[in-house]
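Step one of this worksheet: look at the structure below.
Written out as structure tokens, the structure is:
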């Protein structure tokens, strides 16, 4: 399956923004079922990209030293942005084949990236070395969509597989993905999908304070908490759900335990109160967001109360303002930030 070709991406290198015509979840206005209060936030562009040549930023992760890493989904480039100068450069390349280079996460100082290439020879999780060397360390099938990943403090890896509505676990020291949980709450809706398969469970973060895994469902919009019961998946609980969460993509946990959730459909970043499920809009299209995908907290000095968000711009045309944004949110990350 050649995902990009099937979806009629056109232009330089065969990968540009997707026509708005077939985008089912961008063609009609949406009446929100839940009113979300809005907070004023400072938003600045850190680095801009070129959608016309396939430079669509999808994943972002922040290293312990504060450097910021961004995946360009269609080209396979991983960029590193210096924590002090905010100047970016090419760090590594992974051939995306007919698919996407997606989410990233750090395990200590080690960077990992998810590739959904639709090719069993390359699809899976890749390790990215300090010198830019890349190697696949966890294999997924060509009919699977490994989308995002996170780690617990013991080095166990958790990977979302969006088509089947599953989370896989890779034990520390292993390279074999084991099905951890598959549940209807994690399944997408192919009827609402702009691609010929459902995109359900998407963003993921491990919360060391509560011993739970948090995930977002994009097409049956919800934020879901999964108990980690001595290494086994326990009870699934819905923290928040509704049309205001449609397109829920990347998530990050702040110091209070609340969740920063990126909605690509609404071009917004929301703060979800962990206790009540109430949502507050932190930034939206009026602040320059355009189909954003993922987010990660800063780890360097003046960045520690900021969220780095990538403007994926999927479906917005060759002139889409695809970029890495820095949003002041007034809170630091949780004890165990998991870069998305």
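Numbering (my numbering), first residue to last: 5 to 344.
Each residue gets a CB set at the ideal place from its N, CA and C atoms; glycine is no exception.
74 is the residue among 74, 98 and 123 whose C-alpha sits nearest the C-alpha of residue 108. Between residue 247 and the set 56, 48, 111 and 196, the nearest pair of CA atoms involves 196.
For residue 65, the closest C-alpha among the options 199, 82 and 78 is that of 82.
Per DSSP, the unbroken beta strand (DSSP E) holding residue 330 starts and ends at 327 to 332. The beta carbon of residue 141 is closer than 8 angstroms to those of 116, 128, 129, 130, 131 and 179 in its chain, skipping five residues each way along the sequence. In the assembly as shown, residue 49 is an exposed residue. Its beta-carbon has fewer than 16 other beta-carbons within 10 Å. Distances from the CA of residue 222 to each of 252, 284, 111 and 245 were compared; the closest alpha carbon is that of 252.
It is roughly 31 angstroms from the alpha-carbon of residue 279 to the alpha-carbon of residue 182.
Boundaries for residue 144: no beta strand (DSSP E) harbours it, and the DSSP string shows neither H nor E there. When the beta-carbon positions are compared, residue 256 and residue 295 stay at least 8 angstroms from each other. The Cβ-Cβ distance between residue 153 and residue 125 does not fall below 8 angstroms. Each residue's CA atom was taken as its position, placing residue 167 and residue 193 some 10 angstroms apart. About 4 angstroms separates the CB atoms of residue 155 and residue 111; that is less than 8 angstroms, so the two are in contact. Assignment of beta strand (DSSP E) within the region 76 to 156, counting only whole runs of 3 or more residues, yields 81 to 85, 92 to 97, 104 to 111, 114 to 120, 128 to 132, 138 to 143 and 150 to 155 in chain order. If you draw a straight line from the Cα of residue 318 to the Cα of residue 85, it is about 22 angstroms long.
Approximately 20 angstroms separates the beta-carbon atoms of residue 91 and residue 331; this is outside 8 angstroms, ruling out the contact. In summary, residue 213 is exposed, with fewer than 16 beta-carbon neighbours lying within 10 Å of its beta-carbon over all protein chains present. Cβ-Cβ separation between residue 227 and residue 185: approximately 16 angstroms, too far for a contact (criterion under 8 angstroms). For residue 304, there is no enclosing beta strand (DSSP E), since its DSSP letter is neither H nor E. When the beta-carbon positions are compared, residue 205 and residue 235 stay at least 8 angstroms from each other.
Annotated three-state conformation of residue 190 is helix, per DSSP. In the DSSP secondary-structure assignment, residue 241 is bridged to 229. In this structure, residue 162 sits away from residue 203, with a CB-CB distance that is not shorter than 8 angstroms. Cβ-Cβ distances below 8 angstroms link residue 123 to 101, 102, 103 and 146 in the same chain, with the five nearest sequence neighbours on each side left out; the list follows chain order. In this structure, the beta-carbon distance from residue 287 to residue 96 does not fall below 8 angstroms. In the structure shown, residue 57 adopts helical secondary structure according to DSSP, grouped into three states.
In this structure, the beta-carbon distance from residue 334 to residue 309 falls below 8 angstroms.
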